[in-house]
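Engineer: Take 1 as the starting number for the sequence shown in our numbering and just add one per residue.
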Amino acid sequence: MSSERISVDPESLRVAAGGNADAASVLDEYGRACKAWMDEVEEEIIRCHGLVSAPVGAALRDFFGGVVDEVSAAGGTHTGMDENLSAAAARYDEADASGAARVSASGGVL
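1) Look at the alpha carbon of S72 and the alpha carbon of A54, and state the distance between them as a whole number of angstroms.
2) Answer yes if the segment 57-76 comes into contact with the segment 5-18, meaning at least three C-beta pairs across the two stretches below 8 angstroms, and no otherwise.
3) Measuring alpha carbon to alpha carbon, tell me which residue in A23, A58, E29, C34 is nearest E42.
4) For N84, count neighbouring C-beta atoms within 10 Å of its own C-beta (all shown protein chains included) and say buried if the count is 16 or more, exposed if not.
5) Is G50 helix, strand or coil when you go by DSSP?
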């Protein structure tokens, strides 16, 4: 185990949090686009090829439903990481401010 101090820059945590928030947003949008596309395509397959093609539409819906589930899970993971990193940055800022206040209160110079 290292005895070296760890230096954490809360702003870097916020930047990483923002990247995760952006990724979650992109994934959510992709999931919505997949759902919208599937709604149109399934209807179009049946309209063009009749009810005999319904199993193809259902298979596509099942496949893309799985894609949407995976995308939603990944988006949720990124959202959680955004929240965790943002909270960690806030805790580091609070600890820094608290330490500075204690030094100031003891007569130290900041």
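From the three backbone atoms N, C-alpha and C, an ideal C-beta is built for every residue, glycine too.
Structural biologist: Looking at the coordinates:
1) Between the C-alpha atoms of S72 and A54 there is a straight-line separation of about 26 angstroms.
2) no
3) Out of A23, A58, E29, C34, A58 has the C-alpha closest to the C-alpha of E42.
4) exposed
5) If DSSP states are grouped into helix, strand and coil, G50 belongs with coil.
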